[in-house]
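In terms of my numbering, the sequence shown opens at residue 113 and continues consecutively.
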Amino acid sequence: MKIFFGGSFDPVHVGHLIVARDVLEAMAFEKVVFLPAYQTPMKEPHMASPEDRLRMLELCVEGFSMYEVSDLEIRRGGVSYTVDTARELQELYGERPFFLLGADSFLTLHKWKSPEELTKVARFVVVDREGKWELVKTYLREHFPNLQEGSDLFLLSVRRLDLSSTEIRERVKRGKSIRWMVTPEVEDYIRAKGLYL
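Right, dumping it as structure tokens:
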């Protein structure tokens, strides 16, 4: 079974890859599928084009059989709503897909498009460091009491790097190094294409 890791990936960085690896090591998924959004809801327009963000993901997962990249949301265009993607994936695979989310993102689920439907057509692995789980469980009781931990939802403690795509874009803009924050292939692509200047 695959787990889908959505986001803007503007750009993808080593923190994304490490979380994906930690989830694979802790759970019985065969692959993590990175799912770049055409346009993420509730966010400013992305700095890099959908095509550039897709290509950076493809470059950084080349040669790693446990990772895949899907262009489903980019092909669909428009605002990328998880509920629409979950419906498509459920139809494609014949079962409710799993989505990988950080706890901070999961705690906004009630603001997403059609959240009640989303919880019926998708399952979730929520990752964070220890310490946030009581908050997540309180949130579940208040907003989604029908989501069952252990079948609809799994809470997984993982390491978290203090690294963000925003910081990487700012470093590029200021002419600072991004080595070891992104893979060498992604760094070369950013430089060659003049992204984030």
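The beta carbon of each residue, even a glycine, is placed where N, CA and C say it ideally should be.
Could you spell out the range, first to last residue, of the alpha helix (DSSP H) harbouring Leu-171? Here the alpha helix (DSSP H) through Leu-171 covers 162–173.
Tell me the DSSP bridge mates of Ser-269? Answer is Asp-240, bridged to Ser-269.
Any beta strand (DSSP E) of 3 or more consecutive residues that is wholly inside the stretch 172–216: Qualifying beta strand (DSSP E) stretches, in chain order: 179–181 and 210–214.
Between Leu-247 and the rest of its own chain, which residues show a CB-CB distance below 8 Å, the 5 nearest in sequence each way excluded? Counting only Cβ-Cβ distances below 8 Å, and skipping sequence neighbours, we find Ala-215 and Leu-219.
8 Å CB neighbourhood of Trp-224 in its chain, flanking five on each side removed: Pro-153, Tyr-193, Thr-194, Val-195 and Leu-230.
Would you report the Cα separation of Asn-258 and Ile-115, rounded to the nearest angstrom? Taken atom to atom, the span from the alpha-carbon of Asn-258 to that of Ile-115 is near 21 Å.
With three or more C-beta pairs closer than 8 Å as the rule, is the stretch 173–191 touching the stretch 138–158? In short, these stretches touch, since the Cβ pair count reaches three.
Cα separation between Gly-190 and Ala-160? Between the alpha carbons of Gly-190 and Ala-160 lies a gap of roughly 15 Å.
Alpha-carbon spacing of Glu-174 relative to Val-124, whole angstroms: Taken atom to atom, the span from the alpha-carbon of Glu-174 to that of Val-124 is near 14 Å.
What distance in whole Å lies between the Cβ atoms of Arg-208 and Val-233, which are believed to be in contact at a cut-off of 8 Å? Taking a contact as a CB-CB distance under 8 Å, the pair Val-233 and Arg-208 counts as one, their CB atoms being some 6 Å apart.
Lys-285 - DSSP class collapsed to helix/strand/coil: Lys-285 falls in the helix class under three-state DSSP.
Classify Glu-299: buried if its beta carbon has 16 or more other beta carbons within 10 angstroms, exposed otherwise. So Glu-299 counts as buried.
Buried or exposed: where does Leu-309 fall if 16 or more other Cβ atoms within 10 Å of its Cβ makes it buried? Leu-309 is exposed by the Cβ-count criterion.
How far does the alpha helix (DSSP H) with Val-298 in it reach, from first residue to last? Secondary structure note for Val-298: its alpha helix (DSSP H) is the uninterrupted segment 296–305.
In whole angstroms, what is the alpha-carbon distance linking Met-178 and Met-139? When rounded, the distance between both Cα atoms is 13 Å.
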